[in-house]
Amino acid sequence: MPLVSTSRLLRTLVISTLILLGSYSLFIWTESSLSINVKPFGFQFDFDYRYAYADEDDTIATLLQSQEEDDFLGLDDFSKRFTPAERLLASGEGFCENWTVPEDEEEIASREKESSCWKDDHYRQLKYFLDKAKTDKTYSELSWHDQINARNMKSIRTLFGCLVYFGTREALPEECSDNMLNVMVLHDWWWDLALEGGSESGETVWLRAMVETFQGQNYTMVSLNWHAYHYLVKVYNALPDVVSFIYARDTLAISCLSDPRCRSDFPPNTTAVTETPVEQRRTIPSWKLFTVDYWGARPGDHGRSKHAYGLQWGEEMTFNPLGNEWTISPFPYPGHTHIPLTMEKSCLQLEVVSHGQRKNEVTVLGKLFEYFYRTSFVPQDIWLSFENTTSLSPIANAHALKTDSEDDTPPGLVNKGPVAREDYYEQVANSKVFLGIGRPEISPSPYLALCLGVPVVLPYFGEKAVPDGWDLYHSAAVQHGPAASIRPPYVYSYHVDDNENMYAAVQAARDNPIERYIPDEMRDANVRSEILKLVTTDWHARSREIEAARETRGEPARVLVKQHIIQRLFHLGVGRRVGENGELLKILPEKGSV
Ligand SMILES: *[C@@H]1O[C@H](CO)[C@@H](O)[C@H](O)[C@H]1NC(C)=O
Ligand SMILES: *[C@@H]1O[C@H](CO)[C@@H](O)[C@H](O)[C@H]1NC(C)=O
Ligand SMILES: *[C@@H]1O[C@H](CO)[C@@H](O)[C@H](O)[C@H]1NC(C)=O
Ligand SMILES: *[C@@H]1O[C@H](CO)[C@@H](O)[C@H](O)[C@H]1NC(C)=O
Numbered sequence: 228m229p230l231v232s233t234s235r236l237l238r239t240l241v242i243s244t245l246i247l248l249g250s251y252s253l254f255i256w257t258e259s260s261l262s263i264n265v266k267p268f269g270f271q272f273d274f275d276y277r278y279a280y281a282d283e284d285d286t287i288a289t290l291l292q293s294q295e296e297d298d299f300l301g302l303d304d305f306s307k308r309f310t311p312a313e314r315l316l317a318s319g320e321g322f323c324e325n326w327t328v329p330e331d332e333e334e335i336a337s338r339e340k341e342s343s344c345w346k347d348d349h350y351r352q353l354k355y356f357l358d359k360a361k362t363d364k365t366y367s368e369l370s371w372h373d374q375i376n377a378r379n380m381k382s383i384r385t386l387f388g389c390l391v392y393f394g395t396r397e398a399l400p401e402e403c404s405d406n407m408l409n410v411m412v413l414h415d416w417w418w419d420l421a422l423e424g425g426s427e428s429g430e431t432v433w434l435r436a437m438v439e440t441f442q443g444q445n446y447t448m449v450s451l452n453w454h455a456y457h458y459l460v461k462v463y464n465a466l467p468d469v470v471s472f473i474y475a476r477d478t479l480a481i482s483c484l485s486d487p488r489c490r491s492d493f494p495p496n497t498t499a500v501t502e503t504p505v506e507q508r509r510t511i512p513s514w515k516l517f518t519v520d521y522w523g524a525r526p527g528d529h530g531r532s533k534h535a536y537g538l539q540w541g542e543e544m545t546f547n548p549l550g551n552e553w554t555i556s557p558f559p560y561p562g563h564t565h566i567p568l569t570m571e572k573s574c575l576q577l578e579v580v581s582h583g584q585r586k587n588e589v590t591v592l593g594k595l596f597e598y599f600y601r602t603s604f605v606p607q608d609i610w611l612s613f614e615n616t617t618s619l620s621p622i623a624n625a626h627a628l629k630t631d632s633e634d635d636t637p638p639g640l641v642n643k644g645p646v647a648r649e650d651y652y653e654q655v656a657n658s659k660v661f662l663g664i665g666r667p668e669i670s671p672s673p674y675l676a677l678c679l680g681v682p683v684v685l686p687y688f689g690e691k692a693v694p695d696g697w698d699l700y701h702s703a704a705v706q707h708g709p710a711a712s713i714r715p716p717y718v719y720s721y722h723v724d725d726n727e728n729m730y731a732a733v734q735a736a737r738d739n740p741i742e743r744y745i746p747d748e749m750r751d752a753n754v755r756s757e758i759l760k761l762v763t764t765d766w767h768a769r770s771r772e773i774e775a776a777r778e779t780r781g782e783p784a785r786v787l788v789k790q791h792i793i794q795r796l797f798h799l800g801v802g803r804r805v806g807e808n809g810e811l812l813k814i815l816p817e818k819g820s821v
């Protein structure tokens with residue numbers, strides 16, 4: 228017998244596509260809330276690169292137009308995919324019929340032993356949590372942000388209040404939806420920005436699609452303060468059957484998976500485990516713990532990995548010892564779970580300017596003077612002959628950092644300086660070509676240009692315009708590899724040391740106008756269906772497959788996080804542990820160091 232009838236599933240699907248992303252409200256991020264421990268990443272992330280990012284302010288209207296229902300139903304073998312909520316409801320068939328709210332503590336306790344209905348576990352756990360929250364702020368204030376605290380508590384209360392209705396096939400009260408049983412715990416700063424608005428960084432734009440999809444599907448979201456690693460353990464211990472998945476920041480995921488008080492499936496007989504009392508060990512199974520990471524789990528010779536995780540040159544990295552299927556990223560990094568970035572709805576609101584009406588201009592990507600000097604990859608003399616060679620005037624929008632000695636871009640370039648986002652869009656839309664000169668590494672801007680019907684020209688540094696494997700994302704091999712792999716007539720490549728090659732690429736782009744282009748995988752409908760695939764994958768089964776395959780190869784089924792990675796995180800001050808009283812430790816205990 229199928230887990231859930233196919234027709235019901237299809238109906239749910241059709242309904243869920245028709246219903247839009249709920250009421251998504253944008254809150255203004257106040258200065259005071261921003262001041263709390265904001266610590267941006269210390270590697271090459273173009274934090275301020277705001278004007279180039281998608282404008283998310285107008286949402287629903289365009290999205291309605293761009294709905295592509297059919298794509299939704301074309302998911303591969305969808306009949307075998309179920310959300311945790313559907314699995315739960317199916318497990319209650321025959322057991323949860325006529326379920327009632329227990330009358331008192333005694334009944335709760337007796338049902339704990341006797342009941343075969345999951346609702347009794349949910350009821351007990353949620354009631355415990357809500358009772359705790361009445362007197363203990365660490366339960367009611369899981370986030371550092373008031374709006375998110377209010378949101379978290381409302382979600383948990385609603386889930387509790389709706390228990391009796393879930394799966395009953397009767398008309399649910401307005402505020403209840405079976406999908407609420409998909410409970411997503413979010414544990415990263417970027418999630419909070421995606422939830423509350425106020426940032427257009429690449430990370431936020433990317434995660435906002437997940438937040439909106441979860442909201443549109445009525446999933447329950449609980450977002451934890453990313454400074455409070457121990458809250459993850461606390462929340463999970465209170466709600467082990469309620470929490471479906473956890474989506475955490477890299478350092479928190481690694482910390483948990485190397486902490487015997489956080490991870491439940493440690494390899495048996497490891498020191499850390501044998502030194503931790505049994506009753507403190509039970510917590511999170513690895514298969515529920517995902518890392519969300521814009522940059523991916525890169526090998527030691529690619530980007531920040533060597534520094535951030537103390538890797539050897541070329542050493543492979545994985546956040547979850549189960550593998551990088553548990554790392555979710557916006558680009559198809561090798562072996563990762565890929566949820567593409569989408570800017571479709573905001574970019575569809577922008578007008579494409581017909582080719583004949585555009586100015587004879589090239590917009591040059593790069594907002595800092597230093598991209599044109601110290602960290603420039605292209606020779607500075609390229610700009611002097613640029614206009615004469617290409618008949619296009621190169622326009623920059625750069626400014627100085629405090630440490631820069633330059634006060635303008637090199638001669639030959641016209642620097643318009645930073646401009647308002649709308650003006651930047653207009654400038655790009657009126658350009659004939661959009662040109663990268665090496666940095667920033669991976670910004671969403673080339674996709675914006677393509678969406679405005681402007682072909683993109685990007686440099687590469689090594690042998691191949693479109694390198695293979697991890698090299699496609701190596702900042703010393705190519706600028707914006709994922710965009711470069713789209714190829715002409717949308718994206719052209721030139722070798723950074725070859726001026727003639729650059730002029731030729733710009734001329735080819737100039738002479739071959741394109742229509743608006745949005746890569747199929749970056750369409751909203753596709754991104755939503757990838758998110759649903761993520762949620763409907765049986766990750767528990769997948770983890771067992773992986774462990775079984777290891778055993779077949781004669782390897783241990785369960786694997787530890789490598790010692791030098793743990794040491795590195797603590798050395799950098801970003802490693803975390805839970806102490807024996809549930810407290811937060813920032814120093815690796817000598818005992819139990821795995
Ligand atoms: C979400 O909940 C609302 C009622 O609160 C309901 O009308 C809608 O159908 C639900 N959406 C999905 C995808 O289940
Ligand atoms: C649930 O209630 C219905 C209607 O009262 C009854 O027919 C059915 O037998 C009950 N089911 C169980 C498992 O008690
Ligand atoms: C763990 O240690 C115990 C006691 O020394 C032993 O009985 C057990 O077989 C060990 N388990 C594994 C999986 O090695
Ligand atoms: C560009 O062309 C113009 C007109 O043909 C000429 O006067 C000028 O010197 C040229 N500039 C360079 C840098 O070649």
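The numbering of the sequence shown is my numbering, which starts it at 228 and goes up by one.
From the three backbone atoms N, C-alpha and C, an ideal C-beta is built for every residue, glycine too.
The straight-line gap separating the alpha-carbon atoms of Y717 and C403 is approximately 46 Å. A676 is positioned such that its CB atom lies no closer than 7 Å to that of T569. Note on geometry: alpha-carbon atoms of G644 and G424 lie some 26 Å from one another.
With a beta-carbon spacing of about 18 Å, I773 and I481 fall beyond the 8 Å limit used to define contacts. Beta-bridge pairing by DSSP links N642 to A623.
F661 carries a strand assignment under DSSP once its states are collapsed to helix, strand and coil.
Listed in chain order, the non-local C-beta contacts of N379 below 6 Å within the same chain comprise L369 and V449, local neighbours out to five positions each way being set aside.
At least one heavy atom of ligand 1 lies less than 6 Å from the C-beta of S404. Straight-line spacing of the CA atoms in N726 and V786 works out to 50 Å. DSSP lists no bridge partner for A768.
Ligand 1 has a heavy atom closer than 6 Å to the beta-carbon of Q444. Contact annotation, Y598 with R531: C-beta distance approximately 19 Å; criterion of less than 8 Å not satisfied.
In this structure, the beta-carbon distance from L516 to I473 falls below 7 Å.
Here V733 really is in contact with V684; their C-beta atoms are around 6 Å apart, less than 8 Å. Excluding residues up to 5 positions away in sequence, I383, L386, F387, L390, L466 and V469 lie with their Cβ nearer than 8 Å to the Cβ of L353 in the same chain.
Q654 has its alpha-carbon roughly 43 Å from the corresponding atom of E542. Boundaries of the beta strand (DSSP E) around I473: F472 to A475.
Where T447 is concerned, the enclosing beta strand (DSSP E) starts and stops at T447 to S450. Taking a cut-off of 8 Å on C-beta distances, the segment 614-621 does not touch the segment 678-694, as fewer than three cross pairs fall below it. If only uninterrupted beta strand (DSSP E) runs of at least 3 residues are considered, none is enclosed by the segment 332-391. Within the segment 692-757, complete beta strand (DSSP E) segments of at least 3 residues are found at 718-722, given in chain order. Apart from the 5 residues on each side of it in sequence, F596 sits with its Cβ closer than 8 Å to the Cβ of A625, H626, A627, L628, D631, E633, D634, D635 and T636 in its chain, given in chain order. For Y536, the enclosing alpha helix (DSSP H) begins and ends at S532 to Y536. The closest CA to that of W371, considering only Y355, Y458 and W522, is found on Y458. The segment 305-324 and the segment 393-400 touch, with no fewer than 3 CB-CB distances between them shorter than 8 Å. By the Cβ-count criterion, V432 is buried, with 16 or more other Cβ atoms from all chains shown falling within 10 Å of its own Cβ. Contact check for I555 against V605 fails: the beta carbons are separated by 7 Å or more. Here E649 is exposed. Its C-beta has fewer than 16 other C-beta atoms within 10 Å. Between K340 and G319, the alpha-carbon positions lie close to 16 Å from each other.
Taking the Cα positions, S770 is about 14 Å away from T779.
I758 and H565 have their alpha carbons spaced roughly 9 Å apart.
Beta bridge pairing from DSSP links F517 with Y474. When DSSP assignments are scanned along the segment 541-627, the uninterrupted stretches of beta strand (DSSP E) that are 3 or more residues long and fall wholly within it turn out to be 554-556, 588-591 and 620-623. R314 sits buried, since 16 or more C-beta atoms from the chains shown fall within 10 Å of its C-beta. Ranked by Cα distance from N551, the options G562, F309 and F558 are led by G562.
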